[in-house]
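Peer 1: Using my numbering, the letters of the sequence shown map in sequence onto residues 1 to 202. Positions of the beta carbon are idealized from the N, C-alpha and C atoms, including for glycine. I'd like to ask you about the structure that follows.
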Amino acid sequence: MRRIIFATKNQGKIAEIQEIMKELNLEILSLESAGIDADIIENGSSFEENAIIKVKEIMKLTNDIVMADDSGLEIDYLNGAPGVYSSRFEGENTPYDIKNNKILSMLEGVPDEKRTARFVCVIAVGFPNGEIITTKGTIEGRIGYEIKGENGFGYDPIFYVPEYNMTTAQMSPQLKNQISHRAKALNQMKAQLRIRLGEILE
Ligand code: IMP
Numbered sequence: 001m002r003r004i005i006f007a008t009k010n011q012g013k014i015a016e017i018q019e020i021m022k023e024l025n026l027e028i029l030s031l032e033s034a035g036i037d038a039d040i041i042e043n044g045s046s047f048e049e050n051a052i053i054k055v056k057e058i059m060k061l062t063n064d065i066v067m068a069d070d071s072g073l074e075i076d077y078l079n080g081a082p083g084v085y086s087s088r089f090e091g092e093n094t095p096y097d098i099k100n101n102k103i104l105s106m107l108e109g110v111p112d113e114k115r116t117a118r119f120v121c122v123i124a125v126g127f128p129n130g131e132i133i134t135t136k137g138t139i140e141g142r143i144g145y146e147i148k149g150e151n152g153f154g155y156d157p158i159f160y161v162p163e164y165n166m167t168t169a170q171m172s173p174q175l176k177n178q179i180s181h182r183a184k185a186l187n188q189m190k191a192q193l194r195i196r197l198g199e200i201l202e
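Right, here's the structure in full:
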């Protein structure tokens, strides 16, 4: 079975990716289960750059196919912030309650139509021949007026999706996994891998 190393230490992401990719004949391994120890500095200025940085660093350490992702929240009223700084916004170790309340206060008095925002996810895959491809998924929404919902993580409690009249933290994990930025980017990558790896995966 063909192996793919997924450049994350987050077991939650591995589980989500294994679920979405399950009908492909691929073994998806975390860095840990592949025995790779790497501390990667994500200093790119876009999600694409960061995903590619991660893939390139791990490609130096293995001949397997390597996959990485980078994601975050873009708020139009804040000119795209926190963007690539999403996890570092207000400090890497600051609880999301505080980060989310900070964003709500930065948008105080801002009307509905100017509260547009999106979650973005870029997936990059590097092949042993050195080629790297990327796919991108987004989910459009608005920043709410208060923290709502217990599910999900990060900025989910302030990310309101008008079509569903709820935040992504109020969605069931099943629903979020069907419509999320990460699911869209992964599904596109699945289609690319089917084409590129062809019969190996059938
Ligand atoms: P990374 O892709 O693991 O570097 O994560 C980027 C950051 O973006 C996360 O720490 C969250 O702050 C935010 N983020 C990315 N995806 C989501 C999501 O689905 N819900 C809430 N926050 C998210």
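1. Expressed to the nearest angstrom, what Euclidean distance is found between the alpha-carbon atoms of Ile28 and Ile5?
2. Should Gln170 be labelled buried (16 or more other beta-carbon atoms within 10 Å of its own) or exposed?
3. Ends of the alpha helix (DSSP H) at Tyr160?
4. Just to confirm, is the Cβ distance from Gly141 to Tyr160 under 7 Å?
5. Please state whether the Cβ-Cβ distance between Ala124 and Ile52 is less than 7 Å.
6. In its own chain, which residues sit with a C-beta less than 8 Å from the C-beta of Asn101, not counting the 5 before and 5 after it?
7. Judging by CA-CA distance, which residue of Glu48, Tyr164, Pro95 and Val66 is the nearest neighbour of Gly83?
8. Just checking Phe6 against the ligand IMP - is the residue's beta carbon closer than 6 Å to any of the ligand's heavy atoms?
9. Going by Cα to Cα distance, which pick from Arg194, Glu150 and Ser87 is closest to Thr168?
10. Please tell me whether Leu175 and Ile20 are closer than 7 Å, where the distance is taken between their beta carbons.
11. In this structure, what does DSSP give as the bridge partners for Asp70?
12. Out of curiosity, what's the CA-to-CA distance linking Asn177 and Ala183?
Peer 2: Checking against the coordinates, here is how it stands:
1. 6 Å
2. buried
3. Counting along the chain, Tyr160 falls outside any alpha helix (DSSP H), though it belongs to the beta strand (DSSP E) covering Phe159 to Val161.
4. yes
5. yes
6. Ile147
7. Taking each of Glu48, Tyr164, Pro95 and Val66 in turn and checking the Cα distance to Gly83, the smallest one comes out for Glu48.
8. no
9. Glu150
10. no
11. Val122
12. C-alpha separation (whole angstroms): 6 Å.
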